[in-house]
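Single-structure report; data block below.
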Amino acid sequence: MANITVDAKEVLHKLAKAEHESSKALVQAVNDCADDLLRVSSEIAPHDKGILEKSYAREVNTNRDQVTVNVQYAVREGNLNYAVQMHEGEYRLGPGSRAKPGTEGMSGTHYNVGNKFLTRPLEGEADTYRKHIRQVLRQVIQKDGQ
Numbered sequence: 001m002a003n004i005t006v007d008a009k010e011v012l013h014k015l016a017k018a019e020h021e022s023s024k025a026l027v028q029a030v031n032d033c034a035d036d037l038l039r040v041s042s043e044i045a046p047h048d049k050g051i052l053e054k055s056y057a058r059e060v061n062t063n064r065d066q067v068t069v070n071v072q073y074a075v076r077e078g079n080l081n082y083a084v085q086m087h088e089g090e091y092r093l094g095p096g097s098r099a100k101p102g103t104e105g106m107s108g109t110h111y112n113v114g115n116k117f118l119t120r121p122l123e124g125e126a127d128t129y130r131k132h133i134r135q136v137l138r139q140v141i142q143k144d145g146q
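Just so we're aligned: 108 in full-length UniProt numbering is position 108 of the sequence shown, and the numbers increase by one with no gaps anywhere.
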């Protein structure tokens with residue numbers, strides 16, 4: 001008769017540690033992407049007095065299965081949300097906006113100042129953000145596998 005004994009306690013401990021490290025890395029990677037989106041969107045938001053570029057808010061929600069970051073801009077003037085008007089509207093850029101050079105996202109793609117300042121980089125950088133998150137998680141898994 002032959003017996004095989006596996007120390008499940010050690011294996012389960014390593015799995016729990018890997019899950020914890022992966023969760024931390026996932027939150028950090030998603031925040032990296034949110035930081036990039038905030039930087040790019042702020043740098044390509046139209047400029048008059050500079051209020052719009054600084055009016056962003058970010059909310060991070062995590063649970064066992066997902067990490068969500070909500071990014072929004074809001075500048076209220078009475079009943080008007082100026083940020084929404086500038087994001088969605090069609091207009092000519094003023095001198096302050098024309099003086100801004102635009103910027104590059106995480107992918108290296110250049111974005112010009114103008115409307116859809118949040119949507120354009122979100123959609124344009126989506127693949128790069130996904131790749132970044134996968135790469136960070138891969139590094140954690142490889143590190144834990146050694």
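Here a beta-carbon is modelled for each residue, glycine too, at the ideal position from N, C-alpha and C.
Let's test the definition: count the other Cβ atoms within 10 Å of the Cβ of residue i and tell me whether it reaches 16, buried, or not, exposed.
| i | result |
| --- | --- |
| ILE4 | exposed |
| ALA16 | exposed |
| TYR91 | exposed |
| ASP36 | buried |
| PRO101 | exposed |
Between residue i and residue j, which are expected to be in contact by the criterion C-beta below 8 Å, what is the C-beta distance as a whole number of angstroms?
| i | j | result |
| --- | --- | --- |
| GLY105 | GLY124 | 6 Å |
| ALA18 | PHE117 | That belief does not hold up - the Cβ atoms of ALA18 and PHE117 are roughly 39 Å apart, past 8 Å. |
Grab me the residues of residue i's own chain with a C-beta within less than 8 Å of its C-beta, minus the 5 sequence neighbours each way, in chain order.
| i | result |
| --- | --- |
| ASN31 | VAL60 and VAL69 |
| ALA99 | HIS47 |
When DSSP builds the beta bridges, which residues end up paired with residue i?
| i | result |
| --- | --- |
| GLN72 | ALA57 |
| TYR111 | THR103 |
| THR62 | VAL67 |
| GLU77 | LEU80 |
Looking at the structure shown, is residue i part of a helix, part of a strand, or coil, going by DSSP?
| i | result |
| --- | --- |
| ASN3 | coil |
| GLU90 | coil |
Using a Cβ-Cβ cut-off of 6 Å (strictly less than) and excluding sequence neighbours within five positions of residue i, which residues of its own chain qualify?
| i | result |
| --- | --- |
| SER42 | GLU53 |
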